[in-house]
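K.L.:
Respectively, the protein sequence lines represent chains A and B.
With the working numbering as the guide, the letters of the first sequence map in order to residues 1 to 410.
With the working numbering as the guide, the letters of the second sequence map in order to residues 1 to 410.
Sharing a structure below in structure tokens format, with a few things to ask.
Number of protein chains: 2
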Amino acid sequence: MNKLVVTDTQVSAGIERALQITLRGADELLPQDEWTRKLQRAEATGQPLRIKFGMDPTAPDLHLGHTVVLNKMRQLQDLGHTVVPLIGDFTTLIGDPSGRNSTRPPLTREQIEANARTYFDQIRLVIDVDKAEVRYNSEWSDPLGARGMIELAARYTVARMMERDDFHKRFHGGQSISVHEFLYPLMQGYDSVALKSDLELGGTDQKFNLLMGRHLQQEYGQEPQCVLTMPLLEGLDGVQKMSKSKGNYIGITEPANTMFAKVLSISDELMWRWYTLLSFRSIEEIEALKAEVAAGRNQKDAKVALARELTARFHGGAAADAAEQDFANRSKGGVPDEIAEVALPGAPLGIAVLLKAAGLAPSSSEANRLIDGGGVRVDSAVVSDKGLKLATGTYVVQVGKRKFARVTLG
Amino acid sequence: MNKLVVTDTQVSAGIERALQITLRGADELLPQDEWTRKLQRAEATGQPLRIKFGMDPTAPDLHLGHTVVLNKMRQLQDLGHTVVPLIGDFTTLIGDPSGRNSTRPPLTREQIEANARTYFDQIRLVIDVDKAEVRYNSEWSDPLGARGMIELAARYTVARMMERDDFHKRFHGGQSISVHEFLYPLMQGYDSVALKSDLELGGTDQKFNLLMGRHLQQEYGQEPQCVLTMPLLEGLDGVQKMSKSKGNYIGITEPANTMFAKVLSISDELMWRWYTLLSFRSIEEIEALKAEVAAGRNQKDAKVALARELTARFHGGAAADAAEQDFANRSKGGVPDEIAEVALPGAPLGIAVLLKAAGLAPSSSEANRLIDGGGVRVDSAVVSDKGLKLATGTYVVQVGKRKFARVTLG
Numbered sequence: 001m002n003k004l005v006v007t008d009t010q011v012s013a014g015i016e017r018a019l020q021i022t023l024r025g026a027d028e029l030l031p032q033d034e035w036t037r038k039l040q041r042a043e044a045t046g047q048p049l050r051i052k053f054g055m056d057p058t059a060p061d062l063h064l065g066h067t068v069v070l071n072k073m074r075q076l077q078d079l080g081h082t083v084v085p086l087i088g089d090f091t092t093l094i095g096d097p098s099g100r101n102s103t104r105p106p107l108t109r110e111q112i113e114a115n116a117r118t119y120f121d122q123i124r125l126v127i128d129v130d131k132a133e134v135r136y137n138s139e140w141s142d143p144l145g146a147r148g149m150i151e152l153a154a155r156y157t158v159a160r161m162m163e164r165d166d167f168h169k170r171f172h173g174g175q176s177i178s179v180h181e182f183l184y185p186l187m188q189g190y191d192s193v194a195l196k197s198d199l200e201l202g203g204t205d206q207k208f209n210l211l212m213g214r215h216l217q218q219e220y221g222q223e224p225q226c227v228l229t230m231p232l233l234e235g236l237d238g239v240q241k242m243s244k245s246k247g248n249y250i251g252i253t254e255p256a257n258t259m260f261a262k263v264l265s266i267s268d269e270l271m272w273r274w275y276t277l278l279s280f281r282s283i284e285e286i287e288a289l290k291a292e293v294a295a296g297r298n299q300k301d302a303k304v305a306l307a308r309e310l311t312a313r314f315h316g317g318a319a320a321d322a323a324e325q326d327f328a329n330r331s332k333g334g335v336p337d338e339i340a341e342v343a344l345p346g347a348p349l350g351i352a353v354l355l356k357a358a359g360l361a362p363s364s365s366e367a368n369r370l371i372d373g374g375g376v377r378v379d380s381a382v383v384s385d386k387g388l389k390l391a392t393g394t395y396v397v398q399v400g401k402r403k404f405a406r407v408t409l410g
Numbered sequence: 001m002n003k004l005v006v007t008d009t010q011v012s013a014g015i016e017r018a019l020q021i022t023l024r025g026a027d028e029l030l031p032q033d034e035w036t037r038k039l040q041r042a043e044a045t046g047q048p049l050r051i052k053f054g055m056d057p058t059a060p061d062l063h064l065g066h067t068v069v070l071n072k073m074r075q076l077q078d079l080g081h082t083v084v085p086l087i088g089d090f091t092t093l094i095g096d097p098s099g100r101n102s103t104r105p106p107l108t109r110e111q112i113e114a115n116a117r118t119y120f121d122q123i124r125l126v127i128d129v130d131k132a133e134v135r136y137n138s139e140w141s142d143p144l145g146a147r148g149m150i151e152l153a154a155r156y157t158v159a160r161m162m163e164r165d166d167f168h169k170r171f172h173g174g175q176s177i178s179v180h181e182f183l184y185p186l187m188q189g190y191d192s193v194a195l196k197s198d199l200e201l202g203g204t205d206q207k208f209n210l211l212m213g214r215h216l217q218q219e220y221g222q223e224p225q226c227v228l229t230m231p232l233l234e235g236l237d238g239v240q241k242m243s244k245s246k247g248n249y250i251g252i253t254e255p256a257n258t259m260f261a262k263v264l265s266i267s268d269e270l271m272w273r274w275y276t277l278l279s280f281r282s283i284e285e286i287e288a289l290k291a292e293v294a295a296g297r298n299q300k301d302a303k304v305a306l307a308r309e310l311t312a313r314f315h316g317g318a319a320a321d322a323a324e325q326d327f328a329n330r331s332k333g334g335v336p337d338e339i340a341e342v343a344l345p346g347a348p349l350g351i352a353v354l355l356k357a358a359g360l361a362p363s364s365s366e367a368n369r370l371i372d373g374g375g376v377r378v379d380s381a382v383v384s385d386k387g388l389k390l391a392t393g394t395y396v397v398q399v400g401k402r403k404f405a406r407v408t409l410g
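And the structure:
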């Protein structure tokens, strides 16, 4: 992680603070002195800096890990700079031209725009989309034409391309690389030229591509952008990177109660990491909270505050209040205020069939296993008889600590 | 060199002959059985085959070495096939996009067309340009667009590109290769797709690029072209490849007398090689000539016949007759019929100054060396006195065996 090293002694308090905000939680800022000069120029001229953030319009279902970079954009937006979310529609319209990767079918213009809308509906809870300059890279990529592509490709060498980690490994590991794969980082870098970007944000795994933008801007006679990499967020387990496939994630559209409870489940150490990377609280506020905890305040208070902040961000203050109350109730073993209402026909119904039909168990056999384990309650009483049949009426059915449904049999 | 290996036993005499003509003097025909099948189909359907020959519209000054491939096209044209000279204007319009190679400035459309005209004025003495289908590759390269370039580049791997000899050497020798250099062979190969080429001709040094066309046609779902490589012609010395820079060439626009005399200067062995690669005579005629020489006829007769044929091709029969007569005169030590007429003022003139002024020696000091060597004659008499001054009058001045001028001093 970067340390705050101010190379220019004539830096104002405002610039120093902006630099601190830039560096908060960041992995690398390259080169820091150029960023300082850009900040100084912006302050002197009143001309905001341009912050590029590229995104692929294919996977609009975001989790908190994706919001780390968005948060940084929000912080820079709050400093008065122009955030430029860039939708990489050009390559998405092409899909995988080798036809070998069926997970990347070409998308239509309509699909891309629908994905972008879904995306912005989600990210507008983190950044101010209305103040952002949203761009699509097909705007300048198509007009490049075949000649522009050749001219662009002339700006980089094969040897440097091979230095990219994945290309290096694949080439020397005998795995094939198609020639067009060398064109993608060039196109992505050219986006920085077209946008006259001052800073590009990305994950640490994007560093090669971000530096390409810097290189190409110099090739095309522009002041090069700086590069700011953000770490990948650790998931609920505190060890692995947050990802859907690992199940250690919080989706930003997950219900308020779930989101709140999941935040409460993380370790104290991970909580402070999340404060740095996810909270909108200032560095000073977080330091004050840490001091309180060091002075004896319960870590859980800080965790509840984080859970409230994140839940409120995505669901509003009232939902966060309710989620907090719900979590407290369940912690005491009570039934949450709001639980799913399920109406099922065909009473009397066997308990295993009911659990499956109400979505409380994935299958009847799994339902039976849960009963055997003593994890199923009907109206607070543990069910021990797998043969139990329930007649017409309404029951609160509970599986484990957190799954509830109010089931009405008819 | 390929041997005539007919893999299909059901081949007609006509096909066998066409195959023989294809293989005459060739280095490689790949794959021969596919070419046989194409010839058979052409014979069966009456549909001529399409013979692609790419050329760079930058160097329109041709020597006999360049005509080896043209001759092969002529032979295939005589068999009824369609010759497609392809002018690679697309990359020429771009020039060297890295700006590092000043020897490849971008040419304008007008310059390219002027070069092409000069080119066709020269090659129409070898192939029937009016029957050929002349094409410019910008016709389909520009419409490819940025997307088409990416789709094209997806059809080939970096590893296979690296197998090309010059790329391999440069990469492993630490010399830089720009990414756009990988696009050029792809563009060239795509020309075969656009032209639906059946056969591509080129020098042995072009084999990689020719096979690229074959590969890409398969990728784009076409019947692939065959590839025919022709050797590089040995120059006057019989050892080095003919080239301008080595001075061992015969330019196809050189004067008839020079051309004739240069052909007569080659070795007997080289003469038969040139018969194979340059003569329009049939294989049978050449075999008959060889048999006559074996039976005692003078090799020089065969060489005169070759010199006549080539001189007549580029200058017409009458000029060839005159060149033959001129050569015979000079061989007997006589003065050729047509010699340069030079009028010089300032008589009396020193012999060394005169030789330089008349273009018979590059400098006065070189003129003096020639006199010392006994290589200078005035009106047939060897000059031994470097101090000789010539008064007003007309003199035949000779340097060595072949340089003459009729100098009138005033």
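Cβ coordinates follow ideal geometry from the N, Cα and C atoms, glycine included.
In its own chain, which residues sit with a C-beta less than 7 Å from the C-beta of B/A18, not counting the 5 before and 5 after it?
P.N.:
Mapped onto the second sequence, residue 18 of chain B falls at position 18. Cβ within range, chain order: L39, L79.
K.L.:
Give me the DSSP bridge partner(s) of B/L30.
P.N.:
Locating residue 30 of chain B in the second sequence gives position 30, counting from the first residue. For B/L30, which the question treats as bridged, DSSP gives the partners B/V227.
K.L.:
Among B/G238, B/Q188, B/K241, B/L388, which one has its Cα closest to the Cα of B/L216?
P.N.:
Translated into positions along the second sequence, residue 216 of chain B becomes position 216. That would be B/Q188, whose Cα lies nearest to the Cα of B/L216.
K.L.:
Apply the 10 Å Cβ neighbour rule to A/S363 and answer buried if 16 or more other Cβ atoms are within range, or exposed otherwise.
P.N.:
Stepping through the first sequence from its first residue, residue 363 of chain A is reached at position 363. By the 10 Å Cβ count, A/S363 comes out exposed.
K.L.:
Where does B/K403 sit, in a helix, a strand or coil, going by DSSP?
P.N.:
Indexing the second sequence from 1 puts residue 403 of chain B at position 403. B/K403 falls in the strand class under three-state DSSP.
K.L.:
Tell me which residues of the segment 182-204 of chain A have at least one Cβ-Cβ distance to chain B shorter than 9 Å, keeping chain order.
P.N.:
Against chain B - using a Cβ distance shorter than 9 Å - the residues of the segment 182-204 of chain A are F182, L183, Y184, L186, M187.
K.L.:
7 Å is my cut-off, CB to CB: does A/G400 come that close to chain B?
P.N.:
Counting from one through the first sequence, the residue named residue 400 of chain A turns up at place 400. Closer than 7 Å: no.
K.L.:
Is the Cβ of B/P85 closer than 7 Å to any Cβ of chain A?
P.N.:
Taking the first residue of the second sequence as 1, we reach residue 85 of chain B at position 85. False, the Cβ-Cβ gap to chain A never drops below 7 Å.
K.L.:
Using a Cβ-Cβ cut-off of 7 Å, state whether A/L144 counts as contacting chain B.
P.N.:
Within the first sequence, the letter at position 144 stands for residue 144 of chain A. Interface residue, yes.
K.L.:
For a cutoff of 7 Å on Cβ pairs, would you count B/Y136 as touching chain A?
P.N.:
Translated into positions along the second sequence, residue 136 of chain B becomes position 136. Chain A, which has no Cβ nearer than 7 Å to the Cβ of B/Y136, makes this no.
K.L.:
Just to check, is the beta-carbon of B/K169 closer than 6 Å to a non-hydrogen atom of the ligand SAM?
P.N.:
With respect to small molecules bound, the structure shown includes none, and the ligand SAM cannot be examined in it.
K.L.:
Contact check, B/C226 vs B/E34 under 8 Å by CB: the rounded distance?
P.N.:
Reading the second sequence from its first residue, position 226 is the one you call residue 226 of chain B. Reading the second sequence from its first residue, position 34 is the one you call residue 34 of chain B. That belief holds up - the Cβ atoms of B/C226 and B/E34 are roughly 5 Å apart, short of 8 Å.
K.L.:
For B/A347 versus B/T392, is the C-beta spacing smaller than 7 Å?
P.N.:
Locating residue 347 of chain B in the second sequence gives position 347, counting from the first residue. Locating residue 392 of chain B in the second sequence gives position 392, counting from the first residue. Yes, these two residues count as a Cβ contact at 7 Å.
K.L.:
Can you check whether the CB of B/D191 is closer than 7 Å to the CB of B/N115?
P.N.:
For the purposes of this step, residue 115 of chain B is taken as the residue at position 115 of the second sequence. For the purposes of this step, residue 191 of chain B is taken as the residue at position 191 of the second sequence. The answer is no: Cβ separation not under 7 Å.
K.L.:
Please list the terminal residues of the continuous alpha helix (DSSP H) segment that includes B/I150.
P.N.:
Your numbering for residue 150 of chain B matches position 150 in the second sequence. Looking at the DSSP string, the run of the alpha helix (DSSP H) that includes B/I150 is 138-153.
K.L.:
Rounded to whole angstroms, what is the Cα-Cα separation between B/S12 and B/E287?
P.N.:
Along the second sequence, one-based indexing puts residue 12 of chain B at 12. Along the second sequence, one-based indexing puts residue 287 of chain B at 287. One C-alpha to the other measures close to 23 Å.
K.L.:
Can you tell me where the alpha helix (DSSP H) with A/L270 in it begins and where it stops?
P.N.:
Residue 270 of chain A sits at position 270 when you count from the first residue of the first sequence. Counting along the chain, the alpha helix (DSSP H) containing A/L270 begins and ends at 268-278.
K.L.:
Suppose contacts are defined by Cβ-Cβ distances below 7 Å. Is B/A302 in contact with B/L289 by that definition?
P.N.:
As a first step, residue 302 of chain B must be located in the second sequence, where it is residue number 302. As a first step, residue 289 of chain B must be located in the second sequence, where it is residue number 289. Against a cut-off of 7 Å, the Cβ pair of B/L289 and B/A302 comes out as a contact.
K.L.:
Show which residues of chain B have a CB atom less than 7 Å away from the CB atom of A/A358.
P.N.:
Taking the first residue of the first sequence as position 1, residue 358 of chain A is located at position 358. By Cβ distance, chain B contributes nothing, its closest Cβ being about 49 Å from A/A358, past 7 Å.
K.L.:
Do the CB positions of A/V399 and A/L360 come within less than 7 Å of each other?
P.N.:
The count along the first sequence starts at 1 and reaches residue 399 of chain A at position 399. The count along the first sequence starts at 1 and reaches residue 360 of chain A at position 360. It is a contact, given that the beta carbons lie within the stated cut-off.
K.L.:
Leaving aside the five residues before and after A/S141 along the sequence, list all residues of the same chain whose C-beta is less than 7 Å from its C-beta, in chain order.
P.N.:
Indexing the first sequence from 1 puts residue 141 of chain A at position 141. Cβ within range, chain order: F90, M187.
K.L.:
What distance in whole Å lies between the Cβ atoms of B/M55 and B/L86, which are believed to be in contact at a cut-off of 8 Å?
P.N.:
Locating residue 86 of chain B in the second sequence gives position 86, where the first residue counts as 1. Locating residue 55 of chain B in the second sequence gives position 55, where the first residue counts as 1. Indeed, because the Cβ distance is near 7 Å, the residues count as touching under 8 Å.
K.L.:
By the DSSP assignment, the beta strand (DSSP E) with B/P345 in it spans what residues?
P.N.:
Locating residue 345 of chain B in the second sequence gives position 345, where the first residue counts as 1. Careful: B/P345 lies outside any beta strand (DSSP E) and carries neither H nor E.
K.L.:
If we ignore side chains and look at the alpha-carbon of each, how far apart do B/Q47 and B/V68 end up?
P.N.:
Your numbering for residue 47 of chain B matches position 47 in the second sequence. Your numbering for residue 68 of chain B matches position 68 in the second sequence. In a straight line, the C-alpha of B/Q47 is about 26 Å away from that of B/V68.
K.L.:
Name the DSSP bridge partner or partners of A/A381?
P.N.:
Locating residue 381 of chain A in the first sequence gives position 381, where the first residue counts as 1. Answer by DSSP bridge pairing, in chain order: A/V378.
K.L.:
Looking at chain B, which residues of the segment 342-375 of chain A have a Cβ within less than 7 Å of any of its Cβ atoms?
P.N.:
The residues in question: there are none.
K.L.:
Taking C-beta to C-beta, are B/V158 and A/V263 nearer than 7 Å?
P.N.:
Here residue 158 of chain B corresponds to residue number 158 of the second sequence, with the count starting at 1. Here residue 263 of chain A corresponds to residue number 263 of the first sequence, with the count starting at 1. Not in contact: B/V158 and A/V263 (Cβ atoms no closer than 7 Å).
K.L.:
Could one say the Cβ of A/S245 lies closer than 7 Å to chain B's Cβ atoms, at least one of them?
P.N.:
Taking the first residue of the first sequence as position 1, residue 245 of chain A is located at position 245. No - not a single Cβ of chain B is within 7 Å of the one on A/S245.
K.L.:
Compare the beta carbon distance of A/L370 and A/V378 with 7 Å and say whether it is the shorter of the two.
P.N.:
Position 370 of the first sequence, counting from 1, holds the residue named residue 370 of chain A. Position 378 of the first sequence, counting from 1, holds the residue named residue 378 of chain A. No, these two residues do not count as a Cβ contact at 7 Å.
K.L.:
With a cut-off of 7 Å, does the C-beta of B/H180 fall near any C-beta of chain A?
P.N.:
Along the second sequence, read from residue 1 onward, the residue named residue 180 of chain B stands at position 180. Yes, because at least one Cβ of chain A sits closer than 7 Å to the Cβ of B/H180.
K.L.:
Could you give the C-beta distance for A/I15 and A/T45, rounded to a whole number, given that I count them as a contact under 8 Å?
P.N.:
Residue 15 of chain A sits at position 15 when you count from the first residue of the first sequence. Residue 45 of chain A sits at position 45 when you count from the first residue of the first sequence. Going by Cβ atoms, the distance from A/I15 to A/T45 rounds to 13 Å, so no, they are not a contact pair.
K.L.:
Once you ignore the five residues that flank A/Q240 on each side, which residues in its own chain have a CB closer than 8 Å to its CB?
P.N.:
Working through the first sequence from its first residue, we reach residue 240 of chain A at position 240. If we look at A/Q240 and ignore the five residues flanking it on each side, its Cβ neighbours are E234, K246, N248.
K.L.:
Do B/L107 and B/T118 count as a contact pair if the criterion is CB distance below 7 Å?
P.N.:
Numbered from its first residue, the second sequence carries residue 118 of chain B at position 118. Numbered from its first residue, the second sequence carries residue 107 of chain B at position 107. For B/T118 and B/L107, no; Cβs fall outside 7 Å.
K.L.:
Excluding the 5 residues preceding and the 5 following B/P97 in the sequence, name in chain order all residues of the same chain whose CB lies nearer than 7 Å to its CB.
P.N.:
Within the second sequence, residue 97 of chain B is the residue found at index 97, counting from 1. Same-chain partners within the cutoff: H180.
K.L.:
Comparing C-alpha positions only, which one of A/D61, A/E341, A/L70, A/L210 sits nearest to A/G25?
P.N.:
Locating residue 25 of chain A in the first sequence gives position 25, counting from the first residue. The option with the nearest alpha carbon to A/G25 is A/L70.
K.L.:
Could you give the distance in angstroms between the alpha-carbon of A/S331 and the alpha-carbon of A/L232?
P.N.:
Taking the first residue of the first sequence as 1, we reach residue 331 of chain A at position 331. Taking the first residue of the first sequence as 1, we reach residue 232 of chain A at position 232. Whole-angstrom Cα-Cα distance: 31 Å.
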